[in-house]
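Going by the numbering used here, the sequence shown opens with residue 1438, and the numbers climb by one from there.
Using N, Cα and C, we set each Cβ at its ideal position, and we do this for glycine too.
It should be emphasised that the depicted structure is a prediction, and the values quoted were computed from it without experimental measurement.
Input: a single structure, listed below in structure tokens.
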Amino acid sequence: MVEYDQQTVDLDEWVKDKLARFQQPVRWLTLPPELKNGGIKISRQALKEWVQRQQ
């Protein structure tokens, strides 16, 4: 998970010289605020369920 400003950063371009091609994400998703409200860590189960609903 990375926090960034969508208006100023193109993550696809940013990772090209920082990660090997096989490590680069094939898809980017913006987390909804309700997933970040549970404290320091995001629930893996809640994240998994949310990602499955996005497909």
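For Ala1483, which residues from the same chain have a beta carbon less than 8 angstroms from its beta carbon, with the 5 sequence-adjacent residues on both sides left out?
To locate residue 1483, count along the sequence shown from 1; it is residue 46. Contacts found: Leu1472 and Gly1475.
Quick one: what's got a C-beta closer than 7 angstroms to Trp1465's C-beta in the same chain, skipping five residues either side?
Against the sequence shown, residue 1465 aligns to sequence position 28. Around Trp1465: Leu1448.
Considering only the beta carbon of each residue, do Gln1443 and Val1452 sit closer than 8 angstroms?
To locate residue 1443, count along the sequence shown from 1; it is residue 6. To locate residue 1452, count along the sequence shown from 1; it is residue 15. No.
Excluding sequence positions up to five away, which residues of its chain have a Cβ less than 6 angstroms from the Cβ of Glu1429?
Outside the modelled stretch of the chain, which goes from 1438 to 1492, sits residue 1429, for which no answer is possible.
Closer than 7 angstroms by C-beta to Gln1491: which residues in its own chain qualify, once you throw out the five before and the five after it? Chain order, please.
Here residue 1491 refers to the residue found at position 54 of the sequence shown. Hits under 7 angstroms: Leu1466.
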